[in-house]
Amino acid sequence: MYDLEDAITSRRSSRLFLRDKPVPQELIDEALELAVRAPSNSNIQPWQVVFASGSARDRLVEALLDEAESSAPKVPKLPEQFDHYRRDTGALVYGAMGIARHDTEGRRIAVLRNWEFFRAPLAGIVCMHRDLDFVDSLGVGMFLQTFLLALTARGLGSCVQVSIAGYPETVRAQLGIPEEMRVLCGLAIGYPDPDFPANGLHIPRNPLAENIRFVQD
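Note that the sequence shown covers residues 1 to 217 in full-length UniProt numbering.
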C-alpha cells in the first residue's frame, strides 16, 4: 500500500497490460469501497460503472475493433486553442513507443489498441444518467480519480479512455447499457506490462500559475 502522496505521484496512464495476468476481484472491491466515498451533488452518487472481463470483454473488444475498422469514433474535436495538448501528448506517447511521425501503419496499430483496452483483462465503462448536468459530472470525476488512486495503491495500472465513448451504440449493445445512461469513457485496468516503454512515461503538467490564481485584495 502507498500513502496518498505516493499514489498521486505514481499514478499514470498505462497503455499496455499483461493480458493473461488476471485482476483479483477483492482488489477491485476494495478500491470501489473507497471510491464511493467521493463527494457528489446532494449525495446523488451519479457514477454508474459496468465492468467486463473474460468472454464478455472479448466480445466487446471484437465489436469495437470491427467498428473502428469501418467508421471513425464520435469523439468531439478539441477547440483549436487546446488542440496542441493532444498533439504534444501524442508525440510523447508515440515517441516513447518508437513510432515515427511518418509511420502510418505503426500509428494505425497503436490506435487500434485503444479499442482492445490496451489488452487489459478488465474493461470498465463509466456512465452517467442523461438527465444529470455538468455539475454532476464533477461527482463522477471525483469518484473516478479516487478509484484510480486506490487501484494505484494496490499495484494495479489503469487508463481512462475517451476513445471508448466514441462508439456508444456498440458499447450499449454489448453490455446492455440502457439508453438513459450516457457513456462517458472507458477504463482499462490490469497489471502494466513492465517491458512496454510508454508505460514509464511521465506526462508533464503546466506550471501552477498557468491554471490557478489567488485573489486576496
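Beta carbons: idealized from backbone N, C-alpha and C, even for Gly. The structure presented is a predicted model; accordingly, all values stated were derived computationally and were not measured.
Check, Outcome
"In the DSSP assignment, what residue or residues form a beta bridge with M97?", "Answer is none; M97 lacks a bridge partner."
"Taking the DSSP output, what are the residues bridged to S158?", "S13 and I189"
"Which first and last residues belong to the alpha helix (DSSP H) in which A31 is found?", "Q25 to A35"
"Using 8 Å as the cut-off, can you tell me whether the stretch 180-190 makes contact with the stretch 150-169, which would need three or more C-beta pairs spanning the two stretches below that distance?", "yes"
"What's the gap between the Cα of A120 and the Cα of I44?", "30 Å"
"Whose CA, out of D193, D131, E69 and R154, lies closest to the CA of I8?", "R154"
"For M181, which beta-bridge partners are listed by DSSP?", "H129"
"Can you grab the Cα-Cα spacing for the pair Y167 / V215, in whole Å?", "43 Å"
"Whose CA, out of A31, L4 and E5, lies closest to the CA of I189?", "A31"
"Evaluate P46 with the Cβ neighbour count: other Cβ atoms within 10 Å of its Cβ, from every protein chain shown; 16 or more gives buried, anything less gives exposed.", "buried"
"DSSP on V111, reduced to helix/strand/coil?", "helix"
"Report yes if the C-beta distance between T104 and S10 is below 8 Å; otherwise report no.", "no"
"In terms of DSSP beta bridges, what is L122 paired with?", "I189"
"According to the neighbour-count rule (16 or more other Cβ atoms, all chains shown, within 10 Å of its Cβ), is G124 buried or exposed?", "buried"
"Have a look at M181 and C127 and give me their C-alpha separation to the nearest angstrom.", "6 Å"
"Please name the residue, chosen from D133, N211, H102 and P22, that lies closest to G54 on a Cα-to-Cα basis.", "P22"
"Closer than 8 Å by C-beta to L78: which residues in its own chain qualify, once you throw out the five before and the five after it? Chain order, please.", "Y85 and R86"
"Determine the extent of the beta strand (DSSP E) in which A52 is found, giving its start and end residues.", "Q48 to A52"
"Report the rounded CA-to-CA distance for V171 versus A96, giving the unit in angstroms.", "30 Å"
"Got a sec? Which residues, its chain only, sit under 7 Å from Q48 by beta carbon, not counting five neighbours each side?", "C127, M128 and M181"
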